[in-house]
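Numbering (my numbering), first residue to last: 1 to 522.
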């Protein structure tokens, strides 16, 4: 070994390299799931696909690293870092094309796995090759194979722990995804350049040019579109921020007077002229009044843009809202005029229900979405029992979800069954609008649960856009009794996010076709 000749210094540098490699693997794995989410959602299938792609790639990397350790040792170590880093730097250029193509051609499991392998397979295979190469070098320094392997795997795993927390708690909430992955790529290229020069496997000038080229590629990558044509009008993204839930965006359409909140491209609510621009918000507001016109208090599990909360406050209802992501609350206050009267609690909805023992409400709205997915643990028998316990006598639970246009889907069947197990009665209302391709049309479904569910004759006092008002009457006429057709799911066994994945992918297809894939390229 020429270049750095001190064995003690080399050992320390190899350990540091293993630590940084461990960090990088977890950055790619966790950020990779976020990269897939706008096109495939975050269901169990997507997580499984990303984890499987990660493990397969690392396994191939371990095998390749073992083979490379017998080759040109001075060249192998820098080259695996170069290949990993440069491919990650290309991520902003590849992401939309790869995901849009696979989402159209394959299902959720196959498409998300193939996308993960294309986008992250090369970096993960390359990073997997690092450990065998470092172990071989430490062995040559007289460390001993067992001691070298134990030391490096310990350090690598600690790096992975650090990378997981770093990515989830700091990188994703504060930086665009394209920068997180591209800058990780730059770091890997710099590590490769260092080892290329230190081991004299690559000339120092060449080693220095590679990270410079990677930086140029990253800077040349196009940022997501901020202004684009939509529904014959101009739409502008006026706010963008990554968060623990996904990519938060606020979209303005000045010609139509509409402002909307998007999470990973899925609309979470919006307003036009101070009232809801989207029927699904008014469906909940209208049905809550129809089945409990004297309600004085409401708990919203999921805030969204805060439009439903505003509508309820205008009707004199005292509103509390539980929201997991503080940035959503800030956006609702700043961009959608959420009243100060709305009491916000920043907490997971289930943990809030678990710990709440005294406060009771006339209405509970379950409208919790991470993109297009309802967290499964809010739909189990145990969760429904906790919701029932926070309702006053005569209180109502209103759930906003989606289903196939025919009026049923596996996930809706599970919701209906669990409601009938927990409440005396439940009704299902279907939205009149259905979007999507023939045979895969999706519509809103609103469920109302409680006792003695009889509609009131009181006139609805809410403010409604003229084109939405007829839809409210149509929704009220679409009522049917909920049916118990499957075994209610529990905390111990719930497959909601799995059986509903195809429905959510169809919904994703609608989002992409209407807004365009470029808006999703954080």
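Note that the Cβ used here is the ideal one computed from N, Cα and C, for glycine as well.
From a predicted model like this one, the values you see are computed outputs, not experimental measurements.
Residue of the options minimising C-alpha distance to residue i
i	options	result
residue 329	249, 386, 414	249
residue 446	365, 298, 233, 340	365
residue 515	265, 313, 31	265
residue 327	380, 313, 488, 347	347
residue 401	390, 189, 413, 394	413
residue 268	116, 368, 430	368
residue 38	25, 115, 55, 63	115
residue 420	399, 101, 441, 449	449
residue 463	274, 166, 120	274
residue 444	122, 481, 404	404
residue 241	232, 251, 234, 235	251
residue 263	272, 253, 244, 277	244
residue 393	75, 428, 452	452
residue 317	324, 285, 169	285
residue 36	117, 408, 313	117
residue 300	52, 363, 460	363
residue 314	276, 345, 324	276
residue 461	138, 68, 91, 294	294
residue 152	164, 163, 165, 138	138
residue 62	239, 123, 495	123
residue 54	182, 66, 33, 256	33
residue 129	260, 57, 102, 349	57
residue 182	228, 232, 378, 95	95
Status (buried if at least 16 other CB within 10 Å, exposed otherwise) for residue i
i	result
residue 507	buried
residue 2	Unreliable positioning characterises residue 2 in this predicted model, as indicated by a pLDDT of 46, which lies under 50. The coordinate reading is nonetheless provided below. It counts as exposed.
residue 296	exposed
residue 416	buried
residue 282	buried
residue 30	buried
residue 97	exposed
residue 512	buried
residue 126	buried
residue 246	buried
residue 343	exposed
residue 489	buried
residue 340	exposed
residue 487	exposed
residue 503	buried
residue 456	exposed
residue 358	exposed
residue 92	buried
residue 411	buried
residue 238	exposed
DSSP three-state assignment for residue i, whether helix, strand or coil
i	result
residue 450	strand
residue 251	strand
residue 244	coil
residue 256	coil
residue 497	helix
residue 335	helix
residue 285	helix
residue 374	coil
residue 233	strand
residue 8	helix
residue 484	coil
residue 85	helix
residue 190	helix
residue 319	strand
residue 442	strand
residue 227	strand
residue 291	helix
residue 168	helix
Residue i, enclosing beta strand (DSSP E) - first and last residue
i	result
residue 400	391 to 404
residue 430	425 to 430
residue 457	Taken as a continuous stretch (DSSP letters only), residue 457 belongs to no beta strand (DSSP E), as it is neither H nor E.
residue 366	361 to 366
residue 297	297 to 301
residue 266	266 to 272
First and last residue of the uninterrupted alpha helix (DSSP H) at residue i
i	result
residue 352	349 to 355
residue 175	Residue 175 -> no alpha helix (DSSP H), and no H or E assigned at all.
residue 344	It is not in any alpha helix (DSSP H) - residue 344 instead sits in the beta strand (DSSP E) that spans 343 to 346.
residue 474	469 to 477
residue 52	44 to 68
residue 416	410 to 422
residue 136	130 to 140
When you compare the region 335 to 344 with the region 301 to 312, are there three or more beta-carbon pairs, one atom per stretch, that lie closer than 8 Å?
yes
Kindly confirm or deny that the region 107 to 118 and the region 34 to 52 touch, where touching means at least three C-beta pairs closer than 8 Å.
yes
Counting pairs of Cβ atoms below 8 Å between the region 18 to 29 and the region 157 to 170, do you hit three or more?
yes
Would you check if the region 13 to 20 and the region 131 to 149 touch, i.e. whether three or more CB-CB distances between them fall below 8 Å?
yes
Does the region 46 to 63 come into contact with the region 185 to 200, if we say contact requires no fewer than three beta-carbon pairs (one atom in each stretch) closer than 8 Å?
Result no; under three Cβ-Cβ pairs closer than 8 Å.
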